[in-house]
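Student:
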Amino acid sequence: MEGQPALAVDLRDVMIRFGDFTAVKSMNLQVGEAEFVAVVGPTGCGKSTILNTVTGLLKPAAGDVSVFGKPLTGLNDQSGYMLQQEGLLPWKTAQDNVGLGLVFQGKPVEEARAQARPWLAKVGLKGFEERYPHQLSGGQRKRVAMAQTLIMEPRIVLMDEPFSALDVHTRRLMHRILLDLWQAERRSLIFITHDLDEAITLADRVVVMSAGPGSRMVGDVPITLPRPRDVSALQTTDEFVALYRQIWSLLGAEVEKSYAAQG
Amino acid sequence: MPRKGKVVLVQVAIVLSLLLAWEAGVRTGLIDPFFFPAPSALVARIGEWMSTADFWSDVGVTLLETILSFVAGIAIGTTLGIWLGLSPFAAEVVQPFIKMFNAIPRILLGPIFVIWFGLGLTSKVALGVTLVLFVAFFNTFQGVREVNPVVLANARLLRASKWSLLRHVYLPSATTWILSSLRVSVGMAVMGAVVAEYLGSSAGLGHLIAQAEGVLDAAGVFAGIIVLSAFVVALDALVDRAEKRLLVWRPAPAHEV
Chain W
1 MEGQPALAVD LRDVMIRFGD FTAVKSMNLQ VGEAEFVAVV GPTGCGKSTI LNTVTGLLKP
61 AAGDVSVFGK PLTGLNDQSG YMLQQEGLLP WKTAQDNVGL GLVFQGKPVE EARAQARPWL
121 AKVGLKGFEE RYPHQLSGGQ RKRVAMAQTL IMEPRIVLMD EPFSALDVHT RRLMHRILLD
181 LWQAERRSLI FITHDLDEAI TLADRVVVMS AGPGSRMVGD VPITLPRPRD VSALQTTDEF
241 VALYRQIWSL LGAEVEKSYA AQG
Chain F
1001 MPRKGKVVLV QVAIVLSLLL AWEAGVRTGL IDPFFFPAPS ALVARIGEWM STADFWSDVG
1061 VTLLETILSF VAGIAIGTTL GIWLGLSPFA AEVVQPFIKM FNAIPRILLG PIFVIWFGLG
1121 LTSKVALGVT LVLFVAFFNT FQGVREVNPV VLANARLLRA SKWSLLRHVY LPSATTWILS
1181 SLRVSVGMAV MGAVVAEYLG SSAGLGHLIA QAEGVLDAAG VFAGIIVLSA FVVALDALVD
1241 RAEKRLLVWR PAPAHEV
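From first to last, the protein sequence lines stand for chains W and F.
Quick note on our numbering: the first sequence kicks off at 1 and runs consecutively.
Quick note on our numbering: the second sequence kicks off at 1001 and runs consecutively.
(1) Does the pairing of the stretch 1127–1139 of chain F with the stretch 1064–1080 of chain F give three or more beta-carbon distances under 8 Å?
(2) Is the stretch 242–258 of chain W close to the stretch 35–44 of chain W, with three or more CB pairs under 8 Å?
(3) Quick check on the burial criterion: 16 or more other C-beta atoms within 10 angstroms. Buried or exposed for W/VAL241?
(4) Got a sec? Which residues, its chain only, sit under 6 Å from W/ALA6 by beta carbon, not counting five neighbours each side?
(5) For a quick check, are the C-beta atoms of F/VAL1144 and F/GLY1085 less than 8 Å apart?
(6) Let's test the definition: count the other Cβ atoms within 10 Å of the Cβ of F/ILE1014 and tell me whether it reaches 16, buried, or not, exposed.
(7) What does the Cβ neighbour count give for F/GLN1095, buried or exposed, with the cut at 16 atoms within 10 Å?
(8) I'd like to check one pair, F/GLY1192 with F/LEU968: are the Cβ atoms closer than 8 Å?
(9) Can you name the residues of chain F whose CB is closer than 7 Å to the CB of W/SER91?
(10) Taking 8 Å as the CB-CB cut-off, is W/GLN85 touching chain F?
(11) Spell out whether any CB of chain W is found under 8 Å from the CB atom of F/SER1069.
(12) Considering F/PHE1117, what are the terminal residues of the alpha helix (DSSP H) in which it resides?
(13) Could you pull out every residue in the same chain whose Cβ sits closer than 8 Å to the Cβ of F/LEU1119, ignoring the five residues on either side in sequence?
(14) Can you give me the start and stop residues for the beta strand (DSSP E) that W/VAL39 sits inside?
(15) Give every residue of the same chain whose Cβ lies closer than 7 Å to the Cβ of W/GLY87, excluding the five residues on either side of it in the sequence, and list them in chain order.
(16) On the premise that W/GLY63 lies in contact with W/ARG141, defined as a C-beta separation below 8 Å, what is that separation, rounded to the nearest angstrom?
(17) Does DSSP classify W/LEU225 as helix, strand or coil?
(18) Using CA coordinates, which residue listed in W/ILE177, W/PRO213, W/TYR244, W/ALA147 is at the minimum distance from W/TYR259?
(19) Would you identify the three-state DSSP class for F/VAL1215, choosing helix, strand or coil?
(20) Going by Cα to Cα distance, which pick from W/LEU83, W/ALA23, W/LYS92 is closest to W/LYS59?
(21) Within the same chain, show all residues whose beta-carbon is closer than 6 Å to that of W/LEU29, passing over the 5 residues directly before and after it, in chain order.
(22) Mark F/THR1079 as exposed unless 16 or more other C-beta atoms lie within 10 angstroms of its C-beta, in which case mark it buried.
(23) If I follow the unbroken alpha helix (DSSP H) through F/LEU1064, where does it start and stop?
(24) Measure the beta-carbon distance from W/VAL14 to W/SER188 and round it to whole angstroms, keeping in mind my assumption that it falls under 8 Å.
(25) Could you check whether the Cβ of F/VAL1257 sits closer than 8 Å to any Cβ belonging to chain W?
(26) Out of curiosity, what's the CA-to-CA distance linking W/THR149 and W/VAL231?
(27) Closest by CA to W/HIS134, which one among F/PRO1251, F/LEU1009, F/PRO1002, F/LYS1006?
(28) Going by beta-carbon coordinates alone, are F/LEU1208 and F/ASP1058 separated by less than 8 Å?
(29) Whose C-beta lies closer than 6 Å to the C-beta of W/GLN84 among residues of the same chain, with five residues either side of it excluded?
(30) Go through the stretch 175–252 of chain W residue by residue and report every complete run of the beta strand (DSSP E) that reaches 3 residues or more, in order.
(31) Can you tell me where the alpha helix (DSSP H) holding F/GLY1187 begins and where it ends?
(32) Can you give me the start and stop residues for the beta strand (DSSP E) that W/VAL65 sits inside?
(33) Once DSSP output is grouped into helix, strand and coil, what is the label at F/VAL1144?
(34) Counting only Cβ-Cβ distances shorter than 8 Å, please list the residues of the stretch 1149–1166 of chain F near chain W, keeping chain order.
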């Protein structure tokens, strides 16, 4: 067992079908321990489907899913999932929302709060403990949601276009916070996005998916940009632009195809 | 003057001028006091009542019946609402029966309850419960069904057990609906108690009104109605406070400045 580190997530020839509809034809995705992988693809290519498969919510029609070397049966207890949409409980304060998973585990509320407070500080929300979600801005709510996912210390973090609804500046702030947190405590992370800038800025590797239905992987590009990365200066560097061009040559064609299919 | 002050001023002016016109009408003989006793007579009657112990025990009886039917009705209605809200199969099975039962004019059950439970407290509470139950049930049912699916999915992803989901997601979500129906429920509980008393009893505000009616004492009936209104308004204020406390997490509605 020693020596050969098991992959955090290993999808082999995974096919996902909904009835007669094949969402994902053949997906191979390997994510190493503490690796940050971004998955990009045109709208409707089944990116979220992949995360649902890794969580164990969807069973593949064919192929294998392994988590840390073990075949996945039932729900994945190693993963934490941050949804695209707002999932905070509106009747709980920021700190109670962050500690929610702990309370679900059976921890007393006071203990969950005590653990939640440092996490709020980590995402830059010290002093907002007693605020209710409606009293927070969109970006602040996202940070609460991020802390809510990460406090459970999942070994695999899954994020489904978490920042897509935010404006550019807030999104950049979120990137900085996420990278800082990931840098401090490395976990395997699968980050779904349709924004190529975002993917290159954050990830170790960018995986490109083809247009759906029946999508597959069409590219797997390592991002060689050094870490720690400066989110605000990164995007004007030559290396970044070169990577962008390289990946866009794969992605652009797929996006065209998905437009054609919709048109 | 602030807007709110103006509103109150106009309201007071309307009430005062109506009462004055009424009083003047009775004094000048334009209005027959047998049918419409003068406001001063009503005030005198209420004052007279308030100095007797019997009146206060009547109020106490009605209050007790109201509270009991309110609490029991909410408890049964909420439980039923949660159960059916979470079980689409059971909901589909039970739905026609609920509709049928809800279609019965509940007041007509009053005599049945008197036959079943006698003239005492139980028959009054039973009628109140049948009135409150449905309001609470329909609102809880709706509340449980309309839980935001994203919130629910997120809680599930955080590994919430069934019990946790109920306690942290379904119930608080339904609370908004239950609370918004509390005001109606309070009115229903009072109505159940008073109507049942009116139909047959030996105590309570409904009994008081029935007695006055029996001797064609319009002043007594009117005074009873006024006392009942005050009673409901007081309970309403209590509900208002409970609502404010329980719904601190809700954004203030846009129209409230």
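No residue lacks a Cβ here, since even glycine has one placed at the ideal position from N, Cα and C.
Tutor: Based on what the coordinates show:
(1) Taking a cut-off of 8 Å on C-beta distances, the stretch 1127–1139 of chain F touches the stretch 1064–1080 of chain F, as three or more cross pairs fall below it.
(2) A contact exists between the stretch 242–258 of chain W and the stretch 35–44 of chain W.
(3) exposed
(4) PHE68, GLY69
(5) With a cutoff of 8 Å on beta-carbon distance, F/VAL1144 and F/GLY1085 are scored as near each other.
(6) When all chains shown are included, F/ILE1014 counts as exposed.
(7) F/GLN1095 comes out exposed.
(8) Nothing can be reported for residue 968 of chain F: it is not among the residues displayed for chain F, which extend from 1001 to 1257.
(9) Looking at the sequence provided, one finds Trp at residue 91 of chain W rather than Ser. Residues of chain F passing the Cβ test: PRO1172, TRP1249.
(10) yes
(11) no
(12) Looking at the DSSP string, the run of the alpha helix (DSSP H) that includes F/PHE1117 is 1109–1117.
(13) GLY1200, SER1201, SER1202.
(14) Run containing W/VAL39: 36–40, per the beta strand (DSSP E) assignment.
(15) ALA145
(16) In fact, because the Cβ distance is near 36 Å, the residues do not count as touching under 8 Å.
(17) In the three-state reduction of the DSSP assignment, W/LEU225 falls in the coil class.
(18) It is W/PRO213 whose Cα lies nearest to the Cα of W/TYR259.
(19) DSSP places F/VAL1215 in coil when its eight states are reduced to three.
(20) W/ALA23
(21) LEU11
(22) exposed
(23) 1053–1086
(24) Actually they do not touch by this definition, with Cβ atoms about 17 Å apart.
(25) In this prediction, F/VAL1257 scores a pLDDT of 38, lower than 50, which makes its location untrustworthy; the coordinate-derived value is nonetheless stated afterwards. Judged by the 8 Å Cβ criterion, F/VAL1257 is not in contact with chain W.
(26) 22 Å
(27) F/PRO1251
(28) Yes, these two residues count as a Cβ contact at 8 Å.
(29) ASP160, GLU161
(30) 188–193, 205–209, 215–222
(31) 1171–1199
(32) 62–67
(33) helix
(34) Of all residues in the stretch 1149–1166 of chain F, VAL1150, VAL1151, ALA1153, ASN1154, ALA1155, LEU1157, LEU1158, ARG1159, ALA1160, SER1161, SER1164 have a Cβ within less than 8 Å of some Cβ in chain W.
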